[in-house]
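Numbers in my numbering are just positions in the sequence shown, counted from 1, shifted up by 1112.
Note that the Cβ used here is the ideal one computed from N, Cα and C, for glycine as well.
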Amino acid sequence: MASDVYITDLLEQRPSKTVDFEALNESLLALSATMVDQPEQILPQFVDLVMRLTGGVSAGLSLYEEKPEPGVFRWKYLRGSLARFEEALIPRDNSPCGVALYQNRPLLAAHPERLYDWIAAERLVIPEVLLLPLDVGRDQPLGTLWIVAPEETYFCRADEQVAAQLALFVSNALKVLGRENDLKAELDEQEMLAREMSHRLKNLFAMTEGMIHITARNSESPEAMAVALSGRLRALATAHGLLQRRVRALGSSERSTPVRDLIGSIVAFHEGGRSEAHKRIEIAGPDVQCGDHAINGVALVIHELATNAAKYGALSAPAGQVSVHWELEDQALRLAWIESGGPVVDGPPDAAGFGSTLMRRTVEHQLHGELRLDWLPGGLAVHMSVPMDYLTR
C-alpha cells in the first residue's frame, strides 16, 4: 500500500510545466525585503506564494516540536481548503511529514488517507500532496512545507523545483526568526537581571545602613563595632555570592539557593578548615530552597548564632558541638540550632543583646516567622519557624 501512496518517481514521467523563474526571483527579492522589515510576516507570505506558483488548493507548514515525546508536527500558516486545521498537531512517526523528514528529500504522496487513519478520520480526500523538508542537513529538521494538488497526476518536476527553492527560503526565514527570538529572550533576561540587581543592591544598602547605626549604638568601642559589623557584612556577602552563582548557572529559571548550602557557607568560617570527620557543626535536613528575598535574613540569623556560639557558647570550648537540623511541617520550615559540650549556661542574659534583637527582628518582621531561644544548662537551643511562602520568595 505504501508504494501506491508514495509516488515521487512519477514526477519525472509527467509532462513538464513552464515556470516563470523571473517572476519567482522577483517574488523572492520582495520577500527578502519583508524579512528585513517585518520578519514575522514572511512565513505566511511564503505559503501564499507557493500556492500561487504551483496552483495548489491548500498549503502550509508542519513545524516540528520535540514535546510531547517522541515529537509532533504543528500545522502553521495554513492556506486554502485545509486552513481550518490551523494549529492542529499531527504525529511525527505516522505522517507523510515524518517520512519526508526521515528520507530528507522531496516526496509526492497520492491519497495519503489510504495509509493514515488520522487523515481518513477527518473525511479528507487528498489527490496529491507534495512535501519538501525544511532545513535539510541538520540533526534536528525544522519541519516540512507541503502543497495539496487540486487533482490526481497534477504535480510535475517543475512544481517540485519551485517548491524546493521556496522551502530553502522558508528554512532560512525560520533560522532568522529563531535567532531573533533567542536574542530577544537574552535581552529580556539581561534587563530583568539588571532590575533585580538594582533592587537587591537597594535592599543591601538599606540593610547595611541600618546595621551600621544599630551596631554603633550597641558597641563599646570602635574596634568592637568594626569586628561585629565586619562579620555581619561577611554573612551578607556570602549569601549574595551564593545567589549570584545560582543566577549565572541557571539563567532566569531559578532564583533560589539550597538552605543546606547557605548554612554550610556561613558556618564554614567557624570550622577552621576541619575535615568532614572532625566537623563540630552538624547540618542535616531535607532539600529546601531559600529564595533571593529571604537569603539575607537567614544568613544574618545563622551568622549571629555562630558568632555567639564562638564567643560564649559551644564553639568556645574544645569539645563543643552544634547541631543544625530542619524539617518541613505545616507549610513551614522548622529549624533547630542546638548547642552542647560548651560552658554551663546559667540562664538567659540579664538584657537582650543586639544580636538577639537583630535575629528576632529578622525572623519575625522580615521572614514573618517565629523565634524561640531557650538558655538550657547544656547549651543554647534555638527554634525558628518560617512560612514557606516567605522562605522561598
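Per DSSP, the bridge partner or partners of residue i
| i | result |
| --- | --- |
| Glu1240 | Ala1222 |
| Tyr1176 | Phe1185 |
| Cys1402 | Thr1369 |
| Gln1443 | Its beta-bridge partners do not exist; DSSP assigns none. |
| Gly1491 | Leu1488 |
| His1437 | Ala1396 and Ala1448 |
| Leu1246 | Gly1255 |
| Ser1497 | Arg1446 and Glu1482 |
| Ser1170 | Gly1192 and Val1260 |
| Ile1202 | Phe1185 |
| Tyr1577 | The chain is shown from 1113 up to 1505; residue 1577 falls before or after that span and cannot be answered. |
Nearest candidate by alpha-carbon position, reference residue i, set the options
| i | options | result |
| --- | --- | --- |
| Thr1474 | Pro1461, Val1436 and Val1410 | Val1410 |
| Glu1272 | Glu1234, Trp1230, Ala1221 and Leu1254 | Ala1221 |
| Asp1442 | Thr1419, Pro1499, Trp1487 and Ala1422 | Pro1499 |
| Gly1459 | Trp1449, Leu1492 and Pro1245 | Leu1492 |
| Leu1136 | Phe1158, Ser1128, Leu1123 and Ile1154 | Phe1158 |
| Leu1165 | Glu1134, Leu1246, Glu1476 and Tyr1214 | Glu1134 |
| Asn1206 | Glu1198, Gly1192 and Phe1185 | Phe1185 |
| Ser1170 | Asp1229, Ile1154, Arg1196 and Tyr1424 | Arg1196 |
| Gln1215 | Glu1234, Ser1193 and Tyr1118 | Tyr1118 |
| Ile1450 | Glu1476, Ala1444, Asp1486 and Ala1464 | Asp1486 |
| Gln1401 | Ala1275, Ile1231, Asp1501 and Arg1235 | Asp1501 |
| Ala1421 | Leu1254, Leu1122 and His1382 | His1382 |
| Ala1444 | Met1471, His1480 and Leu1470 | His1480 |
| Ile1407 | Gly1183, Thr1256, Val1371 and Val1260 | Val1371 |
| Leu1123 | Ala1380, Val1241 and Leu1213 | Val1241 |
| Val1237 | Val1260, Ser1468 and Leu1219 | Val1260 |
| Leu1254 | Glu1178, Gly1467, Pro1203 and Thr1469 | Glu1178 |
| Ser1174 | Leu1246, Arg1217, Ala1232 and Gln1153 | Leu1246 |
| Ile1231 | Thr1256, Pro1203 and Leu1440 | Pro1203 |
| Trp1258 | Ile1378, Val1413, Ala1233 and Leu1194 | Leu1194 |
| Tyr1266 | Glu1476, Thr1120, Asp1462 and Glu1482 | Thr1120 |
| Gly1397 | Gly1183, Asp1229, Ala1448 and Asp1160 | Ala1448 |
Exposure of residue i, with buried meaning 16 or more beta-carbon neighbours within 10 Å
| i | result |
| --- | --- |
| His1311 | Any reading at His1311 must be qualified, since the residue scores a pLDDT of 48, below 50, and its modelled position is unreliable; no value is offered. |
| Ser1365 | Per-residue confidence for Ser1365 stands at a pLDDT of 43, beneath the threshold of 50, marking its modelled position as unreliable; the derived number appears in the next sentence. Classification of Ser1365: exposed, given that the 10 Å Cβ count is below 16. |
| Ser1333 | exposed |
| Tyr1176 | buried |
| Tyr1189 | buried |
| His1415 | buried |
| Ala1275 | buried |
| Asp1404 | buried |
| Pro1224 | buried |
| Pro1489 | exposed |
| Arg1484 | exposed |
| Gly1167 | exposed |
| Arg1392 | buried |
| Trp1438 | buried |
| Gly1467 | buried |
| Leu1201 | exposed |
| Gly1363 | No answer about Gly1363 holds up, because its pLDDT of 47 lies below 50 and its placement is not dependable. |
| Leu1243 | buried |
| Gly1465 | exposed |
Closer than 8 Å to chain C by CB, residue i
| i | result |
| --- | --- |
| Leu1257 | Reference to chain C is not applicable here, since this structure consists of a single protein chain. |
Does the contact criterion of 3 or more C-beta pairs under 8 Å hold for the segment 1448 to 1457 versus the segment 1422 to 1429?
The answer is yes - the segment 1422 to 1429 touches the segment 1448 to 1457, with three or more Cβ pairs under 8 Å.
Counting pairs of Cβ atoms below 8 Å between the segment 1256 to 1275 and the segment 1120 to 1132, do you hit three or more?
Touching, yes, given that three or more Cβ pairs across the two stretches are closer than 8 Å.
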